[in-house]
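Engineer: In my numbering, the protein residues as written are 6 to 280.
Cβ atoms here follow ideal geometry from the backbone N, Cα and C, with glycine treated the same way.
Please see the structure below; I have some questions.
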Ligand code: SAH
């Protein structure tokens, strides 16, 4: 069933790639940063940093029950990071860009190791928190903002880095954008999860609507105290689809670590052109 689904879906992507430029245009139009009044995660991060505690950061979705994101998790240190993220930090080399850096846990760990790292995020409050934490190079800028310069040896996209693509239709555009920011020989380290386990029934079958949207496309909305964010799309992608999208974007893709919950870390690098 799954195999059928994947083939169908990859088929769908190939078909859609005729509109690739159109998607790139759509994606580059969306180069905004967040309004601080609509930035619940940033508010939670800044609150936690200044007071040492935070109220409840609620994650809502039309597809799941309300959930809570533990704010202290965003401040995790290398002692409490999952192995996938430790692997990414270990593989990081050269001038580094941390995309969607949040509270800056990875950027801070790298900076402490002497790595030259730039942290970017669309959340002005998170960026303020990162500056206060001592991260030297922080910029509140959208990944798709053309003013963001490139030339990075490593680009990190961690804690489900494919999320920023929003939907399957945005994944190619995201990968091409990140690839364009790489220095020759550079690498992208990105993690994601295969959400199919969410749809697994008791006897191991899958309860997936094959004619519907891809099962990793999720919608979220966050709330922190009285700050309610706008709804946004967030993409979880299984490895076969990620590597297919990477190939289409001219990137080599390999799994470098597998997590213990249907998640993995992938390394994407520019395909070597044969002389
Ligand atoms: N990497 C951090 C935070 C992950 S949460 C960690 O592992 O703890 C995802 C982050 O990506 C959020 O802080 C969000 O504001 C940011 N983000 C979402 N879309 C973005 C975009 N288009 N450009 C830059 N940052 C983005």
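Going by the beta-carbon positions, is the gap between residue 199 and residue 244 smaller than 8 Å?
Structural biologist: A contact, by the Cβ cut-off of 8 Å.
Engineer: Which of the three DSSP states is assigned to residue 85 in this structure?
Structural biologist: Of the three classes helix, strand and coil, the one that applies to residue 85 here is coil, per DSSP.
Engineer: Using a threshold of 7 Å, is the CB atom of residue 132 nearer than that to any non-hydrogen atom of the ligand SAH?
Structural biologist: Flag unset: Cβ of residue 132 not near the ligand SAH.
Engineer: Which class does residue 52 belong to by DSSP, given the choice of helix, strand or coil?
Structural biologist: Three-state DSSP puts residue 52 in a helix.
Engineer: Judging by CA-CA distance, which residue of 194, 69, 113 and 117 is the nearest neighbour of residue 124?
Structural biologist: That would be 113, whose Cα lies nearest to the Cα of residue 124.
Engineer: Does the ligand SAH have even one heavy atom less than 7 Å from the beta-carbon of residue 65?
Structural biologist: No - the ligand SAH has no heavy atom lying nearer than 7 Å to the Cβ of residue 65.
Engineer: For the candidate residues 121, 273 and 148, whose alpha-carbon lies nearest to that of residue 258?
Structural biologist: Minimum Cα distance to residue 258 is reached at 273.
Engineer: Residue 51: beta carbon under 7 Å from a heavy atom of the ligand SAH?
Structural biologist: Incorrect: residue 51 has no Cβ contact closer than 7 Å to the ligand SAH.
Engineer: According to DSSP, simplified to helix, strand and coil, what is residue 69?
Structural biologist: Here residue 69 sits in coil by DSSP.
Engineer: Where does the unbroken beta strand (DSSP E) through residue 189 begin, and where does it stop?
Structural biologist: Note, residue 189: beta strand (DSSP E), 187-198.
Engineer: Nearest by alpha-carbon distance to residue 73: which of 81, 83, 85 and 59 is it?
Structural biologist: Of 81, 83, 85 and 59, the residue nearest in Cα terms is 59.
Engineer: Are the CB atoms of residue 204 and residue 211 nearer to each other than 8 Å?
Structural biologist: Yes, these two residues count as a Cβ contact at 8 Å.
Engineer: Buried or exposed, going by whether 16 or more other CB atoms sit within 10 Å of the CB of residue 46?
Structural biologist: Per the 10 Å Cβ criterion, buried.
Engineer: So the alpha helix (DSSP H) residue 252 belongs to, where does it begin and stop?
Structural biologist: Note, residue 252: alpha helix (DSSP H), 244-253.
Engineer: Enumerate in chain order the residues of its own chain whose CB-to-CB distance from residue 68 is below 8 Å, with the five nearest sequence positions on each side excluded.
Structural biologist: These residues qualify, in order along the chain: 223 and 224.
Engineer: Between which two residues does the alpha helix (DSSP H) holding residue 137 run?
Structural biologist: Residues 129-137.
Engineer: Could you tell me how far apart the beta carbons of residue 163 and residue 196 are, in whole angstroms, since I believe they sit closer than 8 Å?
Structural biologist: At roughly 6 Å, the Cβ-Cβ gap stays under 8 Å, so residue 163 and residue 196 are in contact.
Engineer: Please classify residue 95 as buried or exposed, where buried requires at least 16 neighbouring CB atoms within 10 angstroms.
Structural biologist: When all chains shown are included, residue 95 counts as exposed.
Engineer: In terms of residue numbering, what span does the alpha helix (DSSP H) encompassing residue 117 cover?
Structural biologist: Counting along the chain, the alpha helix (DSSP H) containing residue 117 begins and ends at 110-117.
Engineer: Assign residue 90 to one of three DSSP states: helix, strand, or coil.
Structural biologist: Helix.
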